[in-house]
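These notes are about the structure you will find just below.
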Amino acid sequence: MRKSLFLLLPLVVTNAHAVYVDVRHEYLDDSKANYDRAYISHRFANGVGFAIEAISKSGGDDTNKAFNDLEHRATNIR
């Protein structure tokens, strides 16, 4: 019952919210490596906001394959 109510909560909320989501995938031909970046940010009506960014790359023996043995590169919180 509580789970059902929790899933219906977004339908009840009447305020409008804007969230910026940016997901990128990059393949570098010279190093044969795959890089991924996910960036999510939100700014409230009073001007205060937050953002988080995560960067990873394919690692292991075969960096040529996308999402292979992902290595954590960086996390930025603003």
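Under the numbering used here, residue 951 is the last one in the sequence shown; the count climbs by one each step, no gaps.
Note that CB positions come from ideal geometry on N, CA and C, so glycine has one too.
In this text, all values refer to a predicted model and were calculated from it rather than measured experimentally.
- request: Determine the closest residue to F923 out of D903, Y912, S929, with distance taken between C-alpha atoms.
  value: On the sequence shown, position 50 is the one that residue 923 refers to. Relative to the Cα of F923, the nearest Cα in the group D903, Y912, S929 belongs to Y912.
query: Do A906 and S931 have their CB atoms nearer than 8 angstroms?
result: Counted from its first residue, the sequence shown places residue 906 at position 33. Counted from its first residue, the sequence shown places residue 931 at position 58. In contact: A906 and S931 (Cβ atoms closer than 8 angstroms).
query: Alpha carbon to alpha carbon, how far is F917 from Y908?
result: By one-based count along the sequence shown, residue 917 stands at place 44. By one-based count along the sequence shown, residue 908 stands at place 35. Cα to Cα, F917 sits roughly 30 angstroms from Y908.
- prompt: If you draw a straight line from the C-alpha of D903 to the C-alpha of D895, how long is it?
  reply: Position 30 of the sequence shown, counting from 1, holds the residue named residue 903. Position 22 of the sequence shown, counting from 1, holds the residue named residue 895. About 25 angstroms.
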